Structures are given as C-alpha cells and as structure tokens.
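Asker: Taken in sequence, the protein lines are chains W and A. First residue of the first sequence: 34, per the numbering used here; consecutive thereafter. First residue of the second sequence: 124, per the numbering used here; consecutive thereafter. For reference, the structure I am asking about is given below.
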Amino acid sequence: MIRLKNINKIYSNYENETKALNDISLEIGQGEMLAITGTSGSGKSTLLHLLGGLDMPTSGEYFFDELEVSKMNDRELHAFRKQNIGFVFQDFALIGRYTAFENMELPLIARGVKNRREIVMNCMKRLGIDHLAGKRPAHMSGGQQQRVAIGRALVSNARILLCDEPTGALDGKTGGEVMDLLEEINREGKTVIVVTHDIKVAERCRCRIEIEDGRIVTDASD
Amino acid sequence: MKEIYKCWKLSLDKLRFQWKKALMMVSMLTMSLVALGETCFYQKLYDYSESSCREVLSEALENAGLIYVKGGGYQAEEARRFLKSAVASEAVKAIGCMQVLRVDRLSELQRLQARNEKGEEQGLLRWIYMDETFLNVCDLKFAELLDDPDGQEAREIEMRGETHFSLYLGNHFREIPVGTCYRERISEEETYVYEVKGILEKGQCFVSPEIVKGTGAGSSNAMISLDNEVIFCGEVSPPSAFWMYLSPKGADGEKTKAALKGLAQEMGLNMSFSSLKDHFDFAKRKGGQLQAVFGKLFVILFMATLVNGILLFLTFFVKNARDYGILHADGFSAGELGISCLLENAMQCILAFFLAGSMVWLAGMLLFGSKPEGAEMVNDIFLYSLLPIMTCVVALILFLLSVIPVILLNIAEPIMLLKGERL
Chain W
34 MIRLKNINKI YSNYENETKA LNDISLEIGQ GEMLAITGTS GSGKSTLLHL
84 LGGLDMPTSG EYFFDELEVS KMNDRELHAF RKQNIGFVFQ DFALIGRYTA
134 FENMELPLIA RGVKNRREIV MNCMKRLGID HLAGKRPAHM SGGQQQRVAI
184 GRALVSNARI LLCDEPTGAL DGKTGGEVMD LLEEINREGK TVIVVTHDIK
234 VAERCRCRIE IEDGRIVTDA SD
Chain A
124 MKEIYKCWKL SLDKLRFQWK KALMMVSMLT MSLVALGETC FYQKLYDYSE
174 SSCREVLSEA LENAGLIYVK GGGYQAEEAR RFLKSAVASE AVKAIGCMQV
224 LRVDRLSELQ RLQARNEKGE EQGLLRWIYM DETFLNVCDL KFAELLDDPD
274 GQEAREIEMR GETHFSLYLG NHFREIPVGT CYRERISEEE TYVYEVKGIL
324 EKGQCFVSPE IVKGTGAGSS NAMISLDNEV IFCGEVSPPS AFWMYLSPKG
374 ADGEKTKAAL KGLAQEMGLN MSFSSLKDHF DFAKRKGGQL QAVFGKLFVI
424 LFMATLVNGI LLFLTFFVKN ARDYGILHAD GFSAGELGIS CLLENAMQCI
474 LAFFLAGSMV WLAGMLLFGS KPEGAEMVND IFLYSLLPIM TCVVALILFL
524 LSVIPVILLN IAEPIMLLKG ERL
C-alpha cells in the first residue's frame with residue numbers, strides 16, 4: 034500500500050541545514066498497525082507528516098498504491114489527503130469555537146457530503162460520545178477530546194489513520210482506552226500508524242520501527 | 124456549487140463566532156459608503172437640476188430674475204402701472220407677480236391654441252414652466268398662500284373679459300371636468316364663468332401676449348406651473364410680494380435689472396432684486412461645502428475601514444494559524460480557505476452596501492423628494508449615478524480587504540500552520 038524509497042528530508046535556513054530524515058525506505062501494507070518510535074527530535078513526526086501529504090520529501094520516492102505522492106503538486110496532494118488520510122494529533126487539534134459535532138462535521142463539509150448529520154451522529158454513538166455533540170472542547174476531558182478527534186478522522190472514511198502521540202496528553206487509563214479504540218478500528222481493516230515515544234503504546238502495535246537521527250534503526254513485527 | 128457552499132459555510136461560521144468584529148466592520152463600511160453616497164449625490168444634484176431647468180426654460184437661466192416687493196403686495200392699480208411701464212420700456216419680455224393656487228395634481232398643461240380665420244395657430248398664450256427640482260434645490264419657496272375663505276381663488280386664474288375665467292389645468296378643477304364650463308352666480312347682475320381647458324406639455328413655454336404686447340399688462344398672466352401647485356405671473360387678486368421677470372433673449376441680465384430698479388425708483392416702489400442664477404449659485408456653493416465635508420469624511424473612513432479590516436484579519440490569522448492548519452488536515456484546500464475569507468468580506472460589504480444605499484436614498488428623499496419631480500430627481504440620481512459608483516467602490520474595498528488574506532493562505536504551508544509557525 035505504502036512504499037517509501039530513499040526518502041530524505043532536509044530543513045535549511047540561512048545558517049545551516051538539518052537532515053530530519055536520512056535515506057528512509059519502508060513498506061506498509063493495507064490493514065497494518067504500525068508504531069513509529071524514537072526519541073524527541075528523531076524525525077518520527079516528520080515521517081508521519083510526510084506520509085500524510087502535509088509535507089514533501091527533499092528527495093526520494095513515496096508511492097501510495099500506484100500514486101507517486103512525492104511528485105504531486107499542491108492540488109493533487111490536497112485531493113490525496115482528502116481521499117485517504119485521517120489525522121489524530123497529540124493535542125487533539127480541535128477547533129475551540131466549534132462543538133464536538135461541528136468539529137467532526139468539518140471533514141464531511143470539506144468533501145461535500147450531504148447527509149452529514151446522520152453520519153456524524155452514527156460515528157459519535159459508536160465511539161460513545163454522542164452525549165458530547167453540543168459541547169465545546171473546553172468543556173470536555175482529554176479522553177473525550179481525543180475520541181472526538183478520532184471520530185473526526187473516521188467520518189471521512191479515510192483508509193489510513195495517522196496518529197501523532199495520540200496518548201501523549203492523556204493519563205495511563207485514558208490512553209489505554211484510546212489505544213483500545215485504535216485497535217478496534219484497525220481490526221475493521223483500516224491502516225493505523227502511531228507515532229509514540231511510549232513503549233507500552235508501541236507494544237500494542239503489531240509492527241514497530243524505531244527511528245534515530247532520521248534513520249530506521251529497528252524494524253520489528255509480531 | 125458544492126465548493127462555494129462549503130466555503131460559504133466556513134465564512135458564515137467565522138462571522139457567527141466573531142459577530143462583534145463583523146458588526147464593527149459593517150458599521151465602518153456603511154459609514155464610508157454613506158459619506159461617498161452623499162458626496163456623489165451633492166455633486167450630481169446641481170448638474171441634474173440645472174440641466175433639467177435649462178431644458179424646460181426656453182430662456183437662459185441668467186435671464187430669469189426675481190423681485191421681492193418690500194412691504195408686501197401692491198394694489199392692482201400700482202401693479203398695473205409698473206408692469207405696463209416695464210414692458211413698454213422693453214426692458215423685459217415678461218413680468219408679473221406670482222401667486223400660488225393649490226389644485227389637484229397637475230399632470231401636464233396643453234398650450235392653448237387660438238386660430239385665426241385661416242385656421243392657423245396663433246400661439247395666444249405661452250406659459251413659463253419651472254422645474255420643481257430647480258426651485259427646491261435653490262430653496263425657493265413662493266409660499267405666500269392665499270387665504271381665501273370666500274372662494275376667490277378662481278379669480279387668480281386668467282381673466283378673459285369681465286367674467287370669464289380660463290383655467291389652464293390638466294385635471295379637473297373643483298369637480299369641473301376639463302373642457303367644460305362652470306357658472307358661479309356672484310350676484311343678480313354678475314356671473315362668473317370658469318372654463319377648464321387645455322393641457323400644458325412639459326417644456327413648453329408660454330408668456331401672456333398681453334404682457335408681451337404691453338397692453339392690458341397684468342390682465343393676463345404668465346404662469347409657472349409646478350406639480351400640485353400653480354404659480355401665476357401677472358396681476359391677480361390679491362397680489363403677492365413675489366414677482367418674476369424674463370429678460371429679452373440675448374439681453375444682459377444686469378442691464379435689465381438696472382432698468383427695472385431705475386423704474387421702481389422713479390415710481391417710488393420699494394423692491395429688491397435677485398436672479399435665479401444667483402440663487403442657484405448660492406445653493407451650489409452651500410452644497411459644495413457640504414460635499415467637501417462628506418468627501419473628506421469618506422477618505423478618512425475608507426482608509427480606516429481598510430486598515431481596520433486588514434489588521435483584524437492579520438490578528439486573527441496570527442492567533443489562529445493552527446486552526447487553518449487543522450482545516451487543511453480536515454480536507455480544505457488553500458484556495459477554499461481563501462474563498463471563505465473572500466465570502467466573509469463579501470457578506471459584510473453587501474450588507475453595508477444595502478444599508479448605506481438605503482440611508483443615502485432616504486436622506487435624498489427627505490431633503491428633496493417632497494414633490495413627485497423631486498422624488499424623480501432623487502431616484503434618477505440614485506439609480507444612474509450613485510449605485511454604479513457605490514458598487515465600484517464596494518468591489519474595490521472587497522478586493523483590498525481580501526487580497527492579503529488570500530495571498531497569505533495560499534503561500535502558508537499546511538505543516539507550518541499546523542505547527543503554529545509564522546510565515
């Protein structure tokens with residue numbers, strides 16, 4: 034499904050260059066649950082953003098099925114993200130002035146879906162957060178917000194969920210509940226890629242890679 | 124349509140959440156557009172009314188003069204003598220005093236045609252028609268209404284013969300249909316006959332031939348007709364203090380005035396003179412001052428609105444850059460986010476446009492629209508001059524308010540926005 038070949042990502046400013054990713058090659062199959070681990074600044078979030086089409090590699094090839102994502106222009110990238118990718122962020126990334134329902138509705142508005150209300154309410158019921166529909170993020174707990182964020186990623190029927198430290202802002206119990214939810218989503222056939230520095234979270238994923246200084250140092254699977 | 128809908132939904136949400144800022148922007152836009160509208164209105168007002176007046180007056184504006192008779196009107200005898208002398212000296216082409224007769228709405232008056240033995244038109248009577256918009260703009264009101272409880276008003280009309288009155292009106296007069304006569308028995312020996320006849324077409328000019336010839340001056344009238352009111356020049360009963368004269372074509376207006384002044388002095392009459400042009404120029408100067416004030420106000424408000432609008436967006440963008448990144452992640456493109464900003468500004472501009480347009484139109488109607496001609500003038504100026512100008516300015520404001528947001532959103536990379544990084 035996903036194929037990365039000799040991917041490099043270099044950030045440069047007037048003074049120096051930083052190589053965030055160094056010759057990364059990776060294959061991810063459909064329905065996998067992959068954990069990307071590493072220390073802070075190792076390049077794991079950069080890799081995630083690249084996989085999600087939010088950033089472009091400096092060199093190398095990125096294929097998603099038969100599409101060469103690394104050669105897409107902005108418009109094609111936007112379409113690629115819309116069709117295939119759902120994001121879950123560490124700080125939930127909900128828009129504060131919208132309610133939970135409205136936050137989950139946004140991807141459907143972006144895709145021009147008509148029966149949005151039905152789709153969002155069904156998803157909220159499935160995630161057990163339908164009672165939060167009219168609440169704003171400021172009035173929700175961290176776990177609830179993350180469920181809303183996961184729901185937002187799910188409603189658009191994305192093939193891949195990219196989760197950047199989804200339990201990073203949560204306590205152990207709540208984090209465990211969020212991981213249960215992600216596993217359940219993975220069992221339904223969606224590919225889930227989780228960036229985490231938490232070993233316990235990584236161990237819940239069938240596949241794991243470790244990145245250090247922009248390189249893959251360990252590639253393990255169960 | 125789908126694309127526009129989702130952008131419109133985003134922009135509506137932003138207006139909903141930031142309604143106070145939106146209200147402030149709409150207020151500033153409305154004030155700018157009102158100042159612009161008033162500036163343009165006063166600019167067009169005098170051109171419109173002057174050209175309208177010149178169109179209907181067969182004589183040059185400069186040749187129409189006004190006389191105010193100090194101390195009130197004169198008895199018929201004195202008026203007759205002055206009028207006769209003025210015409211006999213050939214200083215004026217026509218002169219008479221003005222009255223106001225309230226009648227039902229006059230649509231138009233037809234030139235009275237008298238025919239000779241061969242059936243040729245003689246053009247017996249010519250009527251001066253003055254455009255109401257012009258008089259209103261110059262703030263000229265000859266409103267010495269007649270208090271005539273005995274029903275003498277009919278005698279303010281042209282007298283032909285001793286008892287015959289011709290009423291040159293377009294509509295019925297006191298239920299007397301056009302083209303028919305009405306007999307009023309005054310006493311056993313005297314009967315007044317009122318003949319309602321004729322339609323004067325707008326733009327036609329009539330001067331009483333008796334006045335022109337200098338005979339029976341004051342016995343017939345040059346009439347100025349206004350919608351809803353009829354003003355007559357000439358000797359009528361009772362006379363008013365306002366008189367009007369027309370210089371001969373091509374004559375020097377100042378010479379005419381001097382000749383009349385000399386005549387008045389000889390006869391011991393106390394009169395003050397002015398000209399329509401003087402009144403018009405004065406009104407134009409006053410209007411010009413108002414126009415200058417509105418013009419300056421517009422410039423200040425326009426700049427303030429632009430600066431405020433751009434700063435509001437920049438503040439919002441810097442504070443909420445991450446939200447734009449999240450919208451990218453949700454599936455909105457940079458172009459769609461740019462369009463939503465454009466739509467947000469457009470909604471505010473359109474609302475301000477309607478509010479300002481209504482206010483400018485209403486102001487014009489209150490000031491000048493009391494009569495149908497004035498209302499027509501206000502509508503003409505508003506529809507054909509103000510609306511196009513205001514539309515162009517609104518489009519310019521919309522462009523200037525939206526260009527920076529659209530550029531920013533297109534050049535900002537989604538990943539930078541998501542990380543909350545500035546450009």
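Backbone N, C-alpha and C define an ideal beta-carbon position, used for all residues, glycine too. All figures in this text were calculated on a predicted structure; none of them were measured in a lab.
Ignore the nearest five residues each way along the sequence and tell me which others in Trp-131/A's own chain have a CB closer than 7 Å to its CB.
Answerer: Counting only Cβ-Cβ distances below 7 Å, and skipping sequence neighbours, we find Leu-466.
Asker: May I ask which residues mark the beginning and end of the beta strand (DSSP E) holding Tyr-95/W?
Answerer: It spans 92–97 - the beta strand (DSSP E) in which Tyr-95/W sits, taken as one unbroken run.
Asker: Whose C-beta lies closer than 6 Å to the C-beta of Val-149/A among residues of the same chain, with five residues either side of it excluded?
Answerer: So the qualifying residues of the chain are Gln-471, Leu-474, Ala-475.
Asker: Ser-456/A touches chain W at which residues, Cβ-Cβ below 9 Å?
Answerer: Simply Asp-107, Arg-108, His-111, Ala-112, Lys-115, Ala-143.
Asker: Taking all protein chains shown into account, decide if Ile-35/W is buried (16 or more other Cβ within 10 angstroms of its Cβ) or exposed.
Answerer: By the neighbour-count rule (16 or more Cβ atoms within 10 Å), Ile-35/W is buried.
Asker: In its own chain, which residues sit with a C-beta less than 7 Å from the C-beta of Ser-155/A, not counting the 5 before and 5 after it?
Answerer: Within the same chain, Ser-155/A has close Cβ partners Phe-421, Leu-424, Phe-425, Thr-428.
Asker: For Ala-158/A, count neighbouring Cβ atoms within 10 angstroms of its own Cβ and tell me buried if that reaches 16, exposed if not.
Answerer: Per the 10 Å Cβ criterion, buried.
Asker: If you measure from the beta carbon of Phe-120/W to each beta carbon in chain A, is any gap under 8 Å?
Answerer: Judged by the 8 Å Cβ criterion, Phe-120/W is in contact with chain A.
Asker: Tell me where the alpha helix (DSSP H) around Cys-472/A begins and ends.
Answerer: Per DSSP, Cys-472/A belongs to the alpha helix (DSSP H) from 457–491.
Asker: Measuring straight from C-alpha to C-alpha, what distance separates Gly-119/W and Trp-484/A?
Answerer: Gly-119/W and Trp-484/A: Cα-Cα distance of roughly 53 Å.
Asker: Between the alpha carbons of Pro-272/A and Asn-393/A, how many angstroms are there, rounded?
Answerer: For Pro-272/A, the pLDDT reaches just 40, beneath the cut-off of 50, and the residue's location in the model is therefore unreliable, although a value from the coordinates is still provided. Cα-Cα distance, rounded: 29 Å.
Asker: Can you tell me which of the three DSSP states Ser-395/A falls into?
Answerer: Residue state, collapsed to three classes: strand.
Asker: Just verifying my parser: in three-state terms, what is the DSSP assignment at Tyr-131/W?
Answerer: If DSSP states are grouped into helix, strand and coil, Tyr-131/W belongs with coil.
Asker: Taking only the alpha-carbon atoms, compute the straight-line gap between Asp-163/W and Met-157/W and give it to the nearest angstrom.
Answerer: When rounded, the distance between both Cα atoms is 5 Å.
Asker: Is the number of C-beta pairs between the stretch 103–113 of chain W and the stretch 223–230 of chain W that are closer than 8 Å three or more?
Answerer: No, the stretch 103–113 of chain W does not touch the stretch 223–230 of chain W.
Asker: Out of Glu-536/A, Thr-514/A, Gly-497/A, Ala-535/A, which has the shortest C-alpha to C-alpha gap to Tyr-168/A?
Answerer: Residue 168/A is actually Leu in this sequence, not Tyr. For the residues Glu-536/A, Thr-514/A, Gly-497/A, Ala-535/A, the minimum Cα distance to Leu-168/A belongs to Gly-497/A.
Asker: By the criterion of Cβ-Cβ separation under 7 Å, what are the contact partners of Pro-140/W in chain A?
Answerer: Chain A residues near Pro-140/W: Asp-453, Gly-454.
Asker: For Ile-218/W and Phe-477/A, I'd like the C-alpha separation in whole angstroms.
Answerer: The alpha-carbon atoms of Ile-218/W and Phe-477/A are separated by roughly 52 Å.
Asker: In whole angstroms, what is the alpha-carbon distance linking Glu-216/W and Thr-72/W?
Answerer: Roughly 24 Å between the two C-alpha positions.
Asker: Assuming Gln-412/A and Gln-166/A form a contact by the criterion Cβ under 8 Å, report the distance between their Cβ atoms to the nearest whole angstrom.
Answerer: Contact flag wrong, Cβ pair sits at about 13 Å.
Asker: If contact means a Cβ-Cβ distance below 7 Å, which residues of the stretch 473–507 of chain A contact chain W?
Answerer: Residues: none.
Asker: Does the beta carbon of Glu-230/W sit closer than 8 Å to a beta carbon anywhere in chain A?
Answerer: The displayed chain sequence assigns His, not Glu, to residue 230/W. Chain A contact via Cβ: absent.
Asker: I need the DSSP call for Gly-167/W, collapsed to helix, strand or coil.
Answerer: It is coil, neither helix nor strand.
Asker: What number of angstroms, rounded off, separates the C-alpha of His-525/A from the C-alpha of Asn-431/A?
Answerer: Rather than His, the amino acid found at residue 525/A in this sequence is Ser. Whole-angstrom Cα-Cα distance: 13 Å.
Asker: Roughly how many angstroms lie between the CA atoms of Ile-504/A and Ala-469/A, to the nearest whole one?
Answerer: Computed Cα separation, rounded: 25 Å.
Asker: Tell me which residue opens and which closes the beta strand (DSSP E) that Arg-241/W is part of.
Answerer: Note, Arg-241/W: beta strand (DSSP E), 240–245.
Asker: Examine chain W for any beta-carbon lying closer than 8 Å to the beta-carbon of Pro-537/A, and answer yes or no.
Answerer: Answer yes: the Cβ-Cβ gap between Pro-537/A and chain W drops below 8 Å somewhere.
Asker: Could you check the C-alpha separation between Gly-222/W and Leu-187/W for me, to the nearest Å?
Answerer: Each residue's Cα considered, the two are about 12 Å apart.
Asker: At the 8 Å Cβ level, is Leu-509/A part of the contact set with chain W, yes or no?
Answerer: Not closer than 8 Å to any Cβ of chain W, the Cβ of Leu-509/A fails to qualify, so no.
Asker: Anyone know if the C-beta pair for Leu-54/W and Gly-74/W falls short of 8 Å?
Answerer: The answer is no: Cβ separation not under 8 Å.
Asker: Please report the Cβ distance between Gly-487/A and Tyr-368/A, rounded to the nearest whole angstrom; I am assuming they are in contact, meaning their Cβ atoms lie under 8 Å.
Answerer: About 32 Å separates the two Cβ atoms, so there is no contact after all.
Asker: Any idea which residues DSSP pairs Leu-59/W with across the strands?
Answerer: Its beta-bridge partners are Leu-37/W.
Asker: Determine the direct distance from the alpha carbon of Ala-112/W to that of Val-102/W, and round the result to whole angstroms.
Answerer: So the alpha carbons of these two residues sit roughly 11 Å apart.
Asker: Would you give the residue range spanned by the beta strand (DSSP E) that Asp-197/W belongs to?
Answerer: Per DSSP, Asp-197/W belongs to the beta strand (DSSP E) from 193–197.
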